[in-house]
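S.K.: Have a look at this one.
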Amino acid sequence: MSLSALFVCLSLWSADPLPAGDHQRSLEVDGRSRKYLVHVPPETKRPKVGDQPAKWPVVLVFHGGGSNAEVMVRFSGMSEKADEAGFVAVYPSGSGRLEKVLTFNGGNCCGYAQLQKIDDVAFTRALLDDLAKALPIDEKRVFATGMSNGGIISYRLASELSDRVAAIAPVGGPMGTETCQPKRPVPVMHFHGIDDKYAPFQGGRGEDSLTGTKFYSVEHSINAWVKANGCDEKPAVTELPDKTDDGTRVTRKVWSNGREGSEVILFEIQGGGHTWPGRPAAVRFLGTTTRDINANDLMWEFFQRHPMK
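Everything in the sequence shown is counted per the numbering used here, starting at 150 for the first residue and increasing by one.
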């Protein structure tokens, strides 16, 4: 795109785009009021094309089941990463009977959203349309991550909203569907604790889970996306350095050579619980958090490699 064309495109956005800082927006989807939070970094962090400001990359950060967007801001630390790296962090809110106890419909999970058959794919599409009215966003660089139920909905978006979501990086959340049918290859980076007692690595019902959901295994999720993306059948396996004495070890598995340059990456965290790698432990009962890797750093590096083709 030429600089003159870029200027014309940027001029089509609101004369008053959202300023740097934190904002809440709302919209109506399928007769329901839905909300999301937006964190906009300082203008000095905005990407550029030559000397001209470019459009913002976007990372959708979905909270876990029974949580909410405000908690996810603190839990993930993604707003701090956004300020450092120069992308807009968006925190969608799920639905539920209680204002702060919310879920997303990822297929076989979770809670109110799943039981009421809430269309969170339609919500995300509408959210992105609404966000584009408030900010100049790069439609080729929209990514999704999330914790637990948030990871599950990330997988569903990769399958059912692959025309809008370039790549995903679920944390502690497997697929919530039997199959995936993306319109294009979608790169996947998955983080999961082998000792996760809520969404078990091997699948099934988590011994500490309150929902009774029978989760698909991590292997099921990885195999589905290796096949969908056309990646190598066998991964390259690397044991990562044990940097800290936190009782965890991390193994990275990479399935490469997918269509359109796609890949599938799994970080298996031995001794890891239902937690966000590299972040302070939120609550002890979720298990051990590894400090050998930082999920935010790794997924942003991954996202940068995988804009939509």
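A virtual CB, placed ideally from N, CA and C, is assigned to each residue, including glycine. Quantities reported herein were computed from a predicted structural model and do not represent experimental measurements.
In the DSSP assignment, find the beta strand (DSSP E) that holds ASP91 and state where it starts and stops.
M.R.: The structure shown does not extend to residue 91, since the chain is modelled only from 150 to 458, so the question has no answer here.
S.K.: With PRO331 and PRO166 assumed to form a contact (beta carbons below 8 angstroms), what rounded beta-carbon distance in angstroms separates them?
M.R.: Residue numbering aside, residue 331 sits at position 182 when the sequence shown is read from its first letter. Residue numbering aside, residue 166 sits at position 17 when the sequence shown is read from its first letter. 31 angstroms between Cβ atoms; not a contact.
S.K.: Quick one: using the 10 Å Cβ neighbour count with 16 as the cut-off for buried, is THR326 buried or exposed?
M.R.: For the purposes of this step, residue 326 is taken as the residue at position 177 of the sequence shown. Buried.
S.K.: Which residue comes first and which comes last in the beta strand (DSSP E) that contains GLU388?
M.R.: Start at 1 with the first residue of the sequence shown, and residue 388 comes out as number 239. It spans 385–388 - the beta strand (DSSP E) in which GLU388 sits, taken as one unbroken run.
S.K.: Taking the alpha-carbon of GLY180 as reference, which of PHE272, HIS188, GLY355 has the nearest alpha-carbon?
M.R.: The residue given as residue 180 occupies position 31 in the sequence shown. Considering only alpha carbons, the answer is PHE272.
S.K.: Pick from GLY321, VAL403, PRO349: whose alpha carbon is nearest that of ALA444?
M.R.: Working through the sequence shown from its first residue, we reach residue 444 at position 295. Nearest option by C-alpha distance: GLY321.
S.K.: In chain order, what are the residue ranges of uninterrupted alpha helix (DSSP H) at least 4 long that sit wholly in the stretch 203–239?
M.R.: Segments of the alpha helix (DSSP H) lying fully in the stretch 203–239: 218–225, 227–234.
S.K.: Just the C-alpha distance for PRO168 and ILE343, rounded to the nearest angstrom, thanks.
M.R.: Sequence index remark: in the sequence shown, residue 168 carries index 19 (1-based). Sequence index remark: in the sequence shown, residue 343 carries index 194 (1-based). Cα to Cα, the separation comes out at about 41 angstroms.
S.K.: Less than 6 angstroms between C-beta atoms, sequence neighbours within five positions excluded: which residues of the same chain meet that for ILE418?
M.R.: For the purposes of this step, residue 418 is taken as residue 269 along the sequence shown, with counting starting at 1. Here the set comprises GLY342, THR397, VAL399, THR439.
S.K.: From GLY260, SER225, GLU192, GLY213, pick the residue whose C-alpha is nearest to that of SER242; which is it?
M.R.: As a position in the sequence shown, residue 242 is number 93, starting the count at 1. Answer by Cα proximity: GLY213.
S.K.: Among ALA281, ALA283, GLY300, ARG274, which residue has its Cα nearest to the Cα of GLY255?
M.R.: For the purposes of this step, residue 255 is identified with residue 106 of the sequence shown, where counting begins at 1. Checked all of ALA281, ALA283, GLY300, ARG274; the closest Cα to GLY255 is GLY300.
S.K.: Can you give the Cα-Cα distance for THR328 and PRO336, rounded to whole angstroms?
M.R.: Residue numbering aside, residue 328 sits at position 179 when the sequence shown is read from its first letter. Residue numbering aside, residue 336 sits at position 187 when the sequence shown is read from its first letter. Between the C-alpha atoms of THR328 and PRO336 there is a straight-line separation of about 16 angstroms.
S.K.: Going by alpha carbons, who is nearest to SER244 out of TRP425, TYR261, PRO191, LEU435?
M.R.: Translated into positions along the sequence shown, residue 244 becomes position 95. The shortest C-alpha separation from SER244 is found at TYR261.
S.K.: Can you give me the Cβ contacts of PHE236 inside the same chain, cut-off strictly under 6 angstroms, excluding the 5 residues immediately before and after it?
M.R.: The residue you call residue 236 lines up with position 87 of the sequence shown. Cβ within range, chain order: PRO206, VAL208.
S.K.: Looking only at its chain, what residues have a beta carbon closer than 6 angstroms to the beta carbon of MET457, apart from the 5 residues adjacent to it on each side?
M.R.: Taking the sequence shown and counting its residues from 1, one reaches residue 457 at position 308. Counting only Cβ-Cβ distances below 6 angstroms, and skipping sequence neighbours, we find LYS289, ALA315.
S.K.: Would you say the stretch 379–387 touches the stretch 361–368, given that touching needs at least three Cβ pairs under 8 angstroms?
M.R.: no
S.K.: Over what stretch of residues does the beta strand (DSSP E) that includes ASP171 continue unbroken?
M.R.: Along the sequence shown, read from residue 1 onward, the residue named residue 171 stands at position 22. Run containing ASP171: 170–178, per the beta strand (DSSP E) assignment.
S.K.: Restricting to Cα atoms, I'd like to know which of ALA373, PRO384, VAL178, THR437 is closest to ASP268.
M.R.: Translated into positions along the sequence shown, residue 268 becomes position 119. It is VAL178.
S.K.: From PRO190 to GLY170, what distance separates their C-alpha atoms?
M.R.: One-based indexing of the sequence shown puts residue 190 at position 41. One-based indexing of the sequence shown puts residue 170 at position 21. In this structure, the alpha-carbon of PRO190 lies about 7 angstroms from that of GLY170.
S.K.: Would you kindly report the start and end of the unbroken alpha helix (DSSP H) that includes LEU310?
M.R.: Residue mapping note: residue 310 aligns to position 161 of the sequence shown, counting from 1. Note, LEU310: premise wrong, no alpha helix (DSSP H); not H, not E.
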